[in-house]
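Student:
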Amino acid sequence: MSDLRAAVAAGALGSEEGYRELLQSIVEVARAIFGARASSVFLFDEESDELVFEAVSGEGAGDLIGQRFPSSTGIAGWVLVTRQPLVVEELDKDPRFAREAAESTGFVPKGLMAVPLLHEDRALGVLEVLDRPQKAAFSLAEMELLGLFANEAAIALDLLLKARTARAVLEGEGGEAAAFARFASRLDDADEEKREAALQLLDALGKLLRER
Amino acid sequence: MTEEPADLPAWSLPAGAGERISIGVDWPERVTRDWAFGGATGKGVRVCILDSGIEAGHPRVGEVEGAVAFNRDDEDEIDVVDDTEGDLCGHGTACAGIVRQLAPECELFSARVLGAGFKGSGPVLLAGLRWAVDQDFDVINMSLSTTKRQFAELLHELADKAYFRNTVLVASAHNMPVESYPWRFSSVISVGSHEEPDPMTFFYNPSPPVEFFARGVGVEIAWLGGGTILSTGNSFATPHMSAICALVLSKHPELTPFQLKNVLYLTANNVGGGA
Chain A
0 MSDLRAAVAA GALGSEEGYR ELLQSIVEVA RAIFGARASS VFLFDEESDE
50 LVFEAVSGEG AGDLIGQRFP SSTGIAGWVL VTRQPLVVEE LDKDPRFARE
100 AAESTGFVPK GLMAVPLLHE DRALGVLEVL DRPQKAAFSL AEMELLGLFA
150 NEAAIALDLL LKARTARAVL EGEGGEAAAF ARFASRLDDA DEEKREAALQ
200 LLDALGKLLR ER
Chain B
0 MTEEPADLPA WSLPAGAGER ISIGVDWPER VTRDWAFGGA TGKGVRVCIL
50 DSGIEAGHPR VGEVEGAVAF NRDDEDEIDV VDDTEGDLCG HGTACAGIVR
100 QLAPECELFS ARVLGAGFKG SGPVLLAGLR WAVDQDFDVI NMSLSTTKRQ
150 FAELLHELAD KAYFRNTVLV ASAHNMPVES YPWRFSSVIS VGSHEEPDPM
200 TFFYNPSPPV EFFARGVGVE IAWLGGGTIL STGNSFATPH MSAICALVLS
250 KHPELTPFQL KNVLYLTANN VGGGA
């Protein structure tokens, strides 16, 4: 029944889009605050053990959403498996990285900051900010700021995952949860008299099921 | 567990037996950096990098004495095999390069617990740490952590086991308010970053749980393919501290982790080491 509870808790079907928008807004703000060329959130897909582009702002926005790669490769992969935030600069000096980046995302960042998205005891994904303007030196204060965005993104990602679980339950085989959800939705729409009658009927049904 | 030599009282001390447990360290009146690691090279000290493997022959790393990899098989059992693949992502090579730079004559070993996917990485990490502790390395560098509470108790036991077997566990702290392990345990030397450019500058933190700050910003790290790159993170502050531990232990191999932590405290830049 915990799946059904998740379904109800997540506010069921309509919420997924809202959480996606929230995630998108987080990468937009992160990019603006850091004055960066791009920012993205990767979701860790546990089933396939891959990282998936879930929200992108700036360079690559639009094309990258949904693209996947193995969970322990790339700098996002380092950050996910070590749970440690990381900044890498002068990436364009490395021809191998440059080629791989160009092939997978179409552009080669000079540097990037990446931070794991941790919620409760789970690692849900990674937030990256690419090509902030070259200032004198990277500072730990920037790392802390990135950590604040990461907290926000982790919460949004957690809600998004719950909404997806809810949808999977509602659309899943067997259909029992879906039947309850349909019932709940019709009960919501019904006028008071009908609702009263429906609840009495449901109560009677409950008693019937309890009897042997 | 290692057995105490028969002539040493391990659990209690009879009357008049104090001299039987005399300490083999000749402590100076004042512990200075010169006493602690002046002229030290890390020679004779075995440092294990518990990470993603090490790229053999990288100019920043040089010789690697031994390398093993931990993998999960189809039945979820964890095997340990000789590592022939080196480093799959570069993180371990970067850590090894920092240790080599500061402690050029230490013996580097690699235990690969990262790189084979994120799934199941907790049990692999535990198996790797258990192995490393059983190998009696002098220093184990862990530039990684886990947030999974289910592993916390086992990690804690391993951290304490290492501490009492004279293996120093040096682990990256988190710079975010999350519960993660093993750096939070007091038997571990936990490391955060400072912004100073000198690799030998380190600070004792009077506000734990992060106990020491080492160089972690704008560090030139070894990068796969033989090159270097600039990077920032506690992942790279940690091997600075591991290397400093290796230097101290190469000069004073008899130090226990408890004594070593005291030496680090006394020689920290904000305590007595800045002078």
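Chains A and B, in that order, give the protein sequences.
Here numbering that gives the first Met the number 0 is used: the first residue of the first sequence is 0, the next is one more, and so on.
Here numbering that gives the first Met the number 0 is used: the first residue of the second sequence is 0, the next is one more, and so on.
Just so you know, even glycine gets a beta-carbon here, dropped at the ideal spot from N, CA and C.
Taking the Cβ atom as the reference point for each residue, do B/V67 and B/E106 lie within a distance shorter than 9 angstroms?
Tutor: The answer is no: Cβ separation not under 9 angstroms.
Student: Hey, could you find the ends of the beta strand (DSSP E) A/G57 is sitting in?
Tutor: 49–57
Student: Rounded to a whole number of angstroms, what is the C-alpha to C-alpha distance between A/D188 and A/A196?
Tutor: 14 angstroms
Student: Name the chain B residues that come within less than 8 angstroms of A/D220, Cβ to Cβ?
Tutor: The question about residue 220 of chain A has no answer, for chain A in this structure spans 0 to 211.
Student: On the criterion of 16 or more Cβ atoms from any shown chain inside 10 Å, does A/L129 qualify as buried, or is it exposed?
Tutor: buried
Student: Which residues of chain B have a Cβ atom closer than 9 angstroms to the Cβ of A/S71, listed in chain order?
Tutor: S51, L87, C88, L113, G114, A115, G116, F117, S120
Student: Looking at the secondary structure, which residues open and close the alpha helix (DSSP H) in which A/L129 lies?
Tutor: Note, A/L129: premise wrong, no alpha helix (DSSP H); beta strand (DSSP E) at 121–129.
Student: For chain B, find out if any of its Cβ atoms is closer than 9 angstroms to the Cβ of A/G146; answer yes or no.
Tutor: yes
Student: Less than 9 angstroms separating the beta-carbons of B/T31 and B/S249?
Tutor: No; because the gap between Cβ atoms is not below 9 angstroms, this pair is not in contact.
Student: Could you give the distance in angstroms between the alpha-carbon of A/A152 and the alpha-carbon of A/A100?
Tutor: 24 angstroms
Student: Under a three-way DSSP split, which group does B/T145 fall into?
Tutor: strand
Student: Counting along the chain, where does the alpha helix (DSSP H) carrying B/H90 start and finish?
Tutor: Counting along the chain, the alpha helix (DSSP H) containing B/H90 begins and ends at 90–101.
Student: Looking only at its own chain, which residues have a Cβ that is under 8 angstroms from the Cβ of B/A126, when we skip the five neighbours before and after it?
Tutor: Excluding positions up to five away in sequence, the list reads F69, I77, V79, V112.
Student: Between A/L42 and A/L111, what straight-line distance do the alpha-carbon atoms span, to the nearest angstrom?
Tutor: 18 angstroms
Student: Where does the unbroken beta strand (DSSP E) through B/S120 begin, and where does it stop?
Tutor: Premise fails: B/S120 lies in the alpha helix (DSSP H), 120–133, not in any beta strand (DSSP E).
Student: Restricting to Cα atoms, I'd like to know which of B/G65, B/L101, B/V262 is closest to B/E219.
Tutor: B/L101
Student: Starting from B/N140, follow its DSSP beta bridges and name the residues at the other end.
Tutor: B/I48, B/V169
Student: Measuring CA to CA, which of B/V177, B/F150, B/M175, B/S144 is closest to B/V169?
Tutor: B/S144
Student: Under a CB-based cut-off of 9 angstroms, is A/Q66 close to chain B?
Tutor: no
Student: Whose C-alpha, out of A/F179, A/E45, A/A60, is nearest the C-alpha of A/F52?
Tutor: A/A60
Student: Would you please verify whether the beta carbon of B/N204 is less than 9 angstroms from any beta carbon of chain A?
Tutor: no
Student: Can you round the beta-carbon distance between A/V26 and A/S71 to whole angstroms, since I take them to be within the 8 angstroms contact cut?
Tutor: Their Cβ separation, rounded to whole angstroms, is 23 angstroms, which puts A/V26 and A/S71 out of contact at 8 angstroms.
Student: Can you tell me which of B/V98, B/W34, B/G43 puts its alpha carbon nearest to the alpha carbon of B/P58?
Tutor: B/V98
Student: A/L116 lies in the beta strand (DSSP E); which residues open and close that run?
Tutor: 111–118
Student: Since B/W222 sits in a beta bridge, which residues does DSSP pair it with?
Tutor: B/G226
Student: Quick check: is the beta carbon of B/K260 nearer than 9 angstroms to any beta carbon in chain A?
Tutor: no
Student: Just to confirm, does B/E219 get its C-beta within under 8 angstroms of one of the non-hydrogen atoms of the ligand HEM?
Tutor: Here there are no bound small molecules, and the ligand HEM is not part of this structure.
Student: With distances taken from CA atoms, which of B/F201, B/T83, B/V24, B/G85 is nearest B/N233?
Tutor: Proximity to B/N233 across B/F201, B/T83, B/V24, B/G85 peaks at B/F201, based on C-alpha coordinates.
Student: Quick one: what's got a C-beta closer than 6 angstroms to B/D197's C-beta in the same chain, skipping five residues either side?
Tutor: none
Student: Do you know offhand how far B/E195's Cα is from B/N268's?
Tutor: 11 angstroms
Student: Considering only the alpha carbon of each residue, which of B/V24, B/S179, B/S186 lies closest to A/T81?
Tutor: Distances from the CA of A/T81 to each of B/V24, B/S179, B/S186 were compared; the closest alpha carbon is that of B/S179.
Student: Check each residue of the stretch 72–89 of chain A: if its Cβ is closer than 7 angstroms to any Cβ of chain B, include it; give the result in chain order.
Tutor: Residues T72, G76, W77, L79, V80, T81, R82, Q83, P84, L85, V86, V87, E88, E89.
Student: For B/A221 versus B/T83, is the C-beta spacing smaller than 9 angstroms?
Tutor: no
Student: CB-CB under 6 angstroms to A/R19, same chain, minus the five flanking residues each way: which ones, in chain order?
Tutor: In the same chain as A/R19, and ignoring 5 residues on each side of it, no C-beta atom comes closer than 6 angstroms to its own.
Student: Specify the secondary structure class of A/S184 as computed by DSSP and reduced to three states.
Tutor: helix
Student: Measure the Cβ-Cβ separation of B/F36 and B/L246 and say whether it is below 9 angstroms.
Tutor: Taking a C-beta distance under 9 angstroms as the contact criterion, B/F36 and B/L246 qualify as a contact pair.
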